[in-house]
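Structure record follows, encoded as structure tokens.
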Amino acid sequence: MKMHLIEIDDKIWNHLKNFAEPFTDTPNSVLRRLLFGKSNKESPDAAKNNSIHIKGVPDDLSQIFEVLYEIEINGLSRVKATNKVAQARGTTTKNVRDKYCSQLNKKASEIDRIFNKPGYEQFKQLLKDKFVVQRDIIDLFFDSLISDEGFDKKDPDLSLESLI
């Protein structure tokens with residue numbers, strides 16, 4: 047299908063972002079869903095397909111990345127970010143929370159304290175200790191997440207290629 051370039055103002059852009067699913071939607075997919083009523087959330091299986099899946103990255107780590115993205119880029123609290131990721135993936139909040147709590151042997155209050163430290167260095171190290179094979183991807187993700195040249199908050203490119 048041929049694509050066309052359109053210009054939209056900040057008010058429309060911000061409105062579209064309210065309906066976007068991180069890591070999956072483009073402005074086109076959001077507009078398509080809003081205009082034609084097509085929903086990516088028709089079933090839990092469909093919602094699972096709307097999440098980040100990078101070859102070689104465990105689903106657990108992908109969900110943690112999504113929560114961190116929501117916190118850092120979209121300014122959500124840990125609880126709201128967890129709820130949003132769970133909803134997008136068609137799973138429970140507890141399931142997502144377990145990815146960064148139980149598996150890392152931390153309580154939610156401990157995770158909150160770690161998240162409040164600039165640069166996420168302690169959390170980054172926890173992930174690298176748990177996901178040893180993905181250490182380089184973890185470094186790339188965090189470098190992009192917290193750098194000025196990383197994710198563009200207005201138009202993030204969250205593909206692995208953009209991180210490299």
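The opening residue of the sequence shown carries number 47 in our numbering; numbering runs sequentially from there.
Backbone N, C-alpha and C fix where the C-beta goes; we use that ideal spot for every residue, glycine too.
Rounded to the nearest angstrom, what separates residue i and residue j at their Cα positions?
i, j, result
"residue 127", "residue 144", "14 Å"
"residue 147", "residue 161", "12 Å"
"residue 192", "residue 118", "8 Å"
"residue 140", "residue 109", "12 Å"
"residue 134", "residue 125", "14 Å"
"residue 93", "residue 76", "The pLDDT assigned to residue 93 is 39, lower than 50, so where the model puts this residue is not dependable; a value taken from the coordinates is nonetheless given after this. Approximately 15 Å, taken between the alpha carbons."
"residue 95", "residue 67", "Residue placement at residue 95 is flagged as unreliable, the pLDDT there being 39, under the threshold of 50; the coordinate-derived value follows with that caveat. Those two C-alpha atoms are separated by around 11 Å."
"residue 184", "residue 59", "30 Å"
"residue 53", "residue 123", "31 Å"
"residue 116", "residue 48", "31 Å"
"residue 86", "residue 157", "Reliability fails at residue 86, whose pLDDT of 46 lies under 50, so the model's placement of it is uncertain and no value is given."
"residue 72", "residue 121", "20 Å"
"residue 61", "residue 159", "32 Å"
"residue 129", "residue 138", "8 Å"
"residue 55", "residue 113", "28 Å"
Going by C-alpha distance, which of the options is nearest residue i?
i, options, result
"residue 175", "150, 166, 50", "150"
"residue 188", "170, 55, 120", "170"
"residue 152", "48, 164, 168, 137", "168"
"residue 51", "70, 74, 165", "74"
"residue 172", "56, 138, 107", "107"
Using beta-carbon positions only, say whether residue i and residue j come within less than 8 Å of one another.
i, j, result
"residue 131", "residue 180", "no"
"residue 78", "residue 65", "no"
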